[in-house]
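> The structure's right below; bear with me while I get my questions together.
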Amino acid sequence: MQTTITVNGQARALDIDPRTTLLDALREHLRLTGSKKGCDHGQCGACTVLVNGVRINSCLSLAVMHDGDQVTTIEGVGTPEALHPVQTAFLTQDAYQCGYCTPGQICSTLGLLRELEAGVPSQETPAGARPVLSDAEIRERMSGNICRCSAYPQIVAAIRDAAGSMA
Amino acid sequence: MRPFTYERATDAQSAVRAAVETPGARFIAGGTNLLDLMKLEIEQPQHLIDVGRLPMAGIESLADGGLRIGGAATNTAVASDPAVRARFPVLSEAIVAGGSPQLRNKASVAGNLMQRTRCAYFYDTAKPCNKRAPGSGCGALEGLNRNAAIFGASHACVATHPSDMAVALAALDARIETLTPSGESRSFTILDLHRLPGETPQIETHLIAGELITAVVLPPPPPGGQVYRKVRDRASYAGGLASVAVAGGQVALGMVAHKPWRAAEAEGALASGASPAEAIARELDGASTLGRNDFKVPLVARLVAAAIGEANGRGA
Ligand SMILES: Cc1cc2nc3c(=O)[nH]c(=O)nc-3n(C[C@H](O)[C@H](O)[C@H](O)COP(=O)(O)OP(=O)(O)OC[C@H]3O[C@@H](n4cnc5c(N)ncnc54)[C@H](O)[C@@H]3O)c2cc1C
Ligand code: SF4
Ligand code: FES
Ligand code: FES
Numbered sequence: 191m192q193t194t195i196t197v198n199g200q201a202r203a204l205d206i207d208p209r210t211t212l213l214d215a216l217r218e219h220l221r222l223t224g225s226k227k228g229c230d231h232g233q234c235g236a237c238t239v240l241v242n243g244v245r246i247n248s249c250l251s252l253a254v255m256h257d258g259d260q261v262t263t264i265e266g267v268g269t270p271e272a273l274h275p276v277q278t279a280f281l282t283q284d285a286y287q288c289g290y291c292t293p294g295q296i297c298s299t300l301g302l303l304r305e306l307e308a309g310v311p312s313q314e315t316p317a318g319a320r321p322v323l324s325d326a327e328i329r330e331r332m333s334g335n336i337c338r339c340s341a342y343p344q345i346v347a348a349i350r351d352a353a354g355s356m357a
Numbered sequence: 187m188r189p190f191t192y193e194r195a196t197d198a199q200s201a202v203r204a205a206v207e208t209p210g211a212r213f214i215a216g217g218t219n220l221l222d223l224m225k226l227e228i229e230q231p232q233h234l235i236d237v238g239r240l241p242m243a244g245i246e247s248l249a250d251g252g253l254r255i256g257g258a259a260t261n262t263a264v265a266s267d268p269a270v271r272a273r274f275p276v277l278s279e280a281i282v283a284g285g286s287p288q289l290r291n292k293a294s295v296a297g298n299l300m301q302r303t304r305c306a307y308f309y310d311t312a313k314p315c316n317k318r319a320p321g322s323g324c325g326a327l328e329g330l331n332r333n334a335a336i337f338g339a340s341h342a343c344v345a346t347h348p349s350d351m352a353v354a355l356a357a358l359d360a361r362i363e364t365l366t367p368s369g370e371s372r373s374f375t376i377l378d379l380h381r382l383p384g385e386t387p388q389i390e391t392h393l394i395a396g397e398l399i400t401a402v403v404l405p406p407p408p409p410g411g412q413v414y415r416k417v418r419d420r421a422s423y424a425g426g427l428a429s430v431a432v433a434g435g436q437v438a439l440g441m442v443a444h445k446p447w448r449a450a451e452a453e454g455a456l457a458s459g460a461s462p463a464e465a466i467a468r469e470l471d472g473a474s475t476l477g478r479n480d481f482k483v484p485l486v487a488r489l490v491a492a493a494i495g496e497a498n499g500r501g502a
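Chains H and G supply the protein sequences, listed in that same order. Numbering-wise (the numbering used here), the first sequence opens with residue 191 and increments by one. Numbering-wise (the numbering used here), the second sequence opens with residue 187 and increments by one.
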């Protein structure tokens with residue numbers, strides 16, 4: 191089946207089996223292997239990408255459902271020469287060990303910052319209030335990204351740093 | 187995954203037409219439940235009709251103080267909507283108690299209502315399960331039934347409905363609007379959407395084959411405070427063991443039955459002046475347990491009494 195998805199700013203025409211998930215299309219067809227497959231069932235967040243600026247689990251979506259969408263993967267976030275502030279913060283805070291969950295953590299962080307700006311509540315947000323970037327909010331909003339190396343304290347610190355340097 | 191064909195619906199009428207005309211057709215919205223189950227071959231649709239981009243994602247205030255929420259609205263959009271947060275906070279709280287932000291960004295209102303049970307035997311295709319393979323038996327009945335129902339179960343199935351959002355909608359007396367395959371609209375209370383398992387746990391709702399959920403309509407909120415509380419094994423990103431939605435004098439329970447459970451006995455008792463603890467005790471007189479889920483009775487007793495107290499505090 192034909193589908194065209196704009197990935198990291200470039201329109202990519204694909205001819206794929208409808209069963210192909212967005213994650214497999216990115217990794218196997220477009221050779222963008224930054225997004226990772228941890229569980230393939232929406233349980234770990236390693237596959238997190240931004241679709242039209244919004245974070246989703248790319249393993250629980252079909253590529254053909256994204257015809258016409260703008261997808262951003264970790265490959266589109268920054269370059270080794272020009273890191274995104276969130277990437278710099280993850281480096282500075284040592285917010286990973288093996289690094290397998292990191293592309294998902296970084297894409298998820300970008301989604302989180304946008305959601306916070308848009309006022310999206312979480313279960314840490316007091317009734318009726320605008321959410322603020324507290325550690326409790328960061329932890330809650332990042333609970334969809336599991337880190338098997340348990341770099342959680344550093345991830346929270348990195349997100350706090352990144353938000354500060356981007357403000 | 188079994189092979190299937192895919193189409194993106196352009197309008198609701200053609201979606202329901204395609205659903206009845208194409209063998210093995212199913213709607214897909216966010217895909218976060220259906221694709222999960224298709225990968226395990228628990229669901230095997232031959233054709234997918236993508237309803238995720240139908241123009242039914244809006245949220246509009248109604249003249250009577252109610253709200254109409256489109257069936258394709260994302261869980262995040264509903265939880266963030268200013269009118270929802272201001273007038274129906276229990277709904278926002280219930281939604282953000284479920285899944286992760288990534289899942290809520292993708293999940294739709296209709297898909298959330300139609301999500302299937304998280305019973306471990308339903309997910310394990312090597313085990314008997316009357317819901318997945320009718321007539322094969324119920325693995326949970328004498329097995330690992332810690333999260334089994336305490337209300338309305340049958341010997342054929344003791345599974346629970348896992349939705350958080352639906353519990354709040356049940357407490358709020360929401361109505362479901364649909365488009366039937368013959369092209370007519372109908373609407374009914376959310377309490378008539380899901381069925382109890384009886385002898386046919388594989389039939390989970392009263393929808394007709396090919397019927398599309400187009401919207402959820404909330405009547406004006408009842409007077410009084412609103413609260414959603416959920417108990418689970420982790421503080422976040424975990425399915426519930428029990429939950430409660432309180433909206434004024436209206437109380438619904440989650441993860442205790444095959445459907446969101448409106449606690450009518452407790453509501454009656456509250457209305458006639460019983461304390462929250464007495465009221466929920468009245469409801470729990472009708473509970474039955476299987477051993478590993480015995481703990482749900484005292485858990486629900488404390489959870490509901492605390493939640494009603496909290497709601498009363500907020501309403502004051
Ligand atoms: C790891 C994980 C954790 C989760 N935790 C929670 C949790 O804690 N609480 C919770 O409540 N949920 C939880 N969920 C479930 C999640 O909320 C559901 O997967 C989601 O709401 C389904 O919505 P969807 O749009 O993706 O549905 P889909 O997967 O697209 O569809 C689900 C079903 O709905 C049907 N459907 C879709 N749209 C319509 C329509 N308009 N009319 C009629 N039928 C329709 C489909 O045919 C399908 O049968 C979790 C899911 C995962 C993967
Ligand atoms: S409780 Fe229901 S879903 Fe679970 S094994 Fe028994 S029949 Fe299947
Ligand atoms: S690979 Fe998608 S959530 Fe784990
Ligand atoms: S750094 Fe190893 S899984 Fe997170």
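Glycine included, every Cβ here is placed at the ideal spot set by N, Cα and C.
1. Below 9 Å on C-beta distance, what does T311/G contact in chain H?
2. Looking at the unbroken beta strand (DSSP E) that takes in S371/G, where does it start and where does it end?
3. So, is G472/G buried or exposed, given that buried needs 16 or more other C-beta atoms within 10 angstroms?
4. Grab me the residues of E385/G's own chain with a C-beta within less than 6 Å of its C-beta, minus the 5 sequence neighbours each way, in chain order.
5. Check whether the Cβ atoms of H231/H and K225/G sit closer than 8 Å, and answer yes or no.
6. Flag T364/G as yes if its beta-carbon sits less than 8 Å from any beta-carbon of chain H, otherwise no.
7. Where Y192/G and P209/G are concerned, what is the direct C-alpha to C-alpha distance, given to the nearest angstrom?
8. For chain G, check one thing: does any of its Cβ atoms lie closer than 8 Å to the Cβ of H256/H?
9. Of all Cβ atoms in chain G, is any one closer than 8 Å to the Cβ of L213/H?
10. Return the first residue and the last residue of the alpha helix (DSSP H) that A306/G is part of.
11. Keeping to the same chain, check which residues put their C-beta closer than 6 Å to that of G509/G; ignore five residues upstream and five downstream.
12. Short check: CB of T311/G to CB of R290/G, under 8 Å?
13. CB N247/H to CB Q295/H, shorter than 8 Å?
14. So what does DSSP say about H233/G, is it helix, strand or coil?
15. Give a yes or no on whether the minimum CB-CB distance between D230/H and chain G is below 8 Å.
16. In chain order, what residues of the region 201-218 of chain G put their CB closer than 7 Å to some CB of chain H?
17. Leaving aside the five residues before and after K226/H along the sequence, list all residues of the same chain whose C-beta is less than 8 Å from its C-beta, in chain order.
18. Hey, is D257/H close to ligand 3, as in C-beta under 7 Å from one of its heavy atoms?
19. Do you know how far the Cα of V244/H is from the Cα of S373/G?
20. Answer with yes or no whether the minimum CB distance from N242/H to chain G is below 8 Å.
21. Between which residues of its own chain and A463/G is the CB-CB distance below 8 Å, once the five residues before and five after are set aside?
22. List the residues of chain G whose Cβ lies closer than 8 Å to the Cβ of I264/H, in chain order.
23. Pull every residue with its beta-carbon under 6 Å away from any heavy atom of ligand 3, and keep them in chain order.
24. Given a cut-off of 8 Å on the beta-carbon distance, is the pair R401/G and E451/G in contact?
25. Below 8 Å CB to CB, which residues in the same chain sit around V267/H once its five sequence neighbours on both sides are set aside?
26. Shorter than 8 Å from the beta carbon of L277/G to some beta carbon of chain H?
27. Between the alpha carbons of T262/G and K313/G, how many angstroms are there, rounded?
28. For R203/G, does the three-state DSSP call read helix, strand or coil?
Well, looking at it:
1. On the second sequence, position 125 is the one that residue 311/G refers to. Residues of chain H passing the Cβ test: none, with the nearest at roughly 14 Å.
2. Taking the second sequence and counting its residues from 1, the one referred to as residue 371/G is at position 185. Unbroken beta strand (DSSP E) run through S371/G: S371 to T375.
3. For the purposes of this step, residue 472/G is identified with residue 286 of the second sequence, where counting begins at 1. Label assigned to G472/G: exposed.
4. As a first step, residue 385/G is located in the second sequence; it is residue number 199 there, counting from the start. Excluding its 5 nearest sequence neighbours in each direction, E385/G has C-beta neighbours in its own chain below 6 Å: A342, listed in chain order.
5. As a working note, residue 231/H is residue 41 in the first sequence. As a working note, residue 225/G is residue 39 in the second sequence. Against a cut-off of 8 Å, the Cβ pair of K225/G and H231/H comes out as a contact.
6. In the second sequence, the residue the question calls residue 364/G occupies position 178. Chain H has no Cβ within less than 8 Å of the Cβ of T364/G.
7. Here residue 192/G corresponds to residue number 6 of the second sequence, with the count starting at 1. Here residue 209/G corresponds to residue number 23 of the second sequence, with the count starting at 1. Those two C-alpha atoms are separated by around 13 Å.
8. In the first sequence, residue 256/H corresponds to position 66, counting from 1. Chain G contact via Cβ: absent.
9. Counting from 1 along the first sequence, the entry for residue 213/H is found at position 23. No, no contact with chain G.
10. Working through the second sequence from its first residue, we reach residue 306/G at position 120. Run containing A306/G: A306 to Y309, per the alpha helix (DSSP H) assignment.
11. The structure shown does not extend to residue 509/G, since chain G is modelled only from 187 to 502, so the question has no answer here.
12. Position 125 of the second sequence holds residue 311/G. Position 104 of the second sequence holds residue 290/G. Note that the C-beta distance between T311/G and R290/G is not below 8 Å.
13. The sequence position of residue 247/H within the first sequence is 57, counting from 1. The sequence position of residue 295/H within the first sequence is 105, counting from 1. Taking C-beta atoms as the reference points, N247/H and Q295/H fail to come closer than 8 Å.
14. Walking along the second sequence from the start, residue 233/G turns up at place 47. In the three-state scheme derived from DSSP, where H, G and I count as helix and E and B as strand, H233/G is classed as strand.
15. By one-based count along the first sequence, residue 230/H stands at place 40. Yes, contact with chain G.
16. The region 201-218 of chain G vs chain H, Cβ under 7 Å: G217 and T218.
17. By one-based count along the first sequence, residue 226/H stands at place 36. Short of 8 Å from the beta carbon of K226/H, and not among the five residues preceding or following it, lie these beta carbons of its own chain, in chain order: A236, C237, Y290, C291, P293 and G294.
18. Your numbering for residue 257/H matches position 67 in the first sequence. No, ligand 3 has no heavy atom inside 7 Å of this Cβ.
19. To locate residue 373/G, count along the second sequence from 1; it is residue 187. To locate residue 244/H, count along the first sequence from 1; it is residue 54. Going by the C-alpha atoms only, they are around 32 Å apart.
20. If you number the first sequence from 1, residue 242/H lands on position 52. With 8 Å as the cut-off, N242/H does not count as an interface residue toward chain G.
21. Translated into the one-based positions of the second sequence, residue 463/G becomes position 277. Spatial neighbours of A463/G in its own chain (CB-CB distance under 8 Å, excluding positions within 5 residues in sequence) are listed in chain order as A487 and A491.
22. Counting from 1 along the first sequence, the entry for residue 264/H is found at position 74. In chain order: nothing, as chain G lies at least about 15 Å away.
23. Here the list is K227/H, G228/H, C229/H, D230/H, G232/H, Q233/H, C234/H, G235/H, A236/H, C237/H, N247/H and C249/H.
24. As a first step, residue 401/G must be located in the second sequence, where it is residue number 215. As a first step, residue 451/G must be located in the second sequence, where it is residue number 265. The identity of residue 401/G in the sequence shown is Ala, whereas the question assumes Arg. Going by C-beta atoms, A401/G is not nearer than 8 Å to E451/G.
25. Start at 1 with the first residue of the first sequence, and residue 267/H comes out as number 77. Around V267/H: H274, V276, Q277, I296, C297 and L300.
26. Along the second sequence, read from residue 1 onward, the residue named residue 277/G stands at position 91. By this cut-off, L277/G is not an interface position.
27. Walking along the second sequence from the start, residue 262/G turns up at place 76. Walking along the second sequence from the start, residue 313/G turns up at place 127. Taking the straight line from one Cα to the other gives about 35 Å.
28. Taking the first residue of the second sequence as 1, we reach residue 203/G at position 17. Helix, per DSSP.
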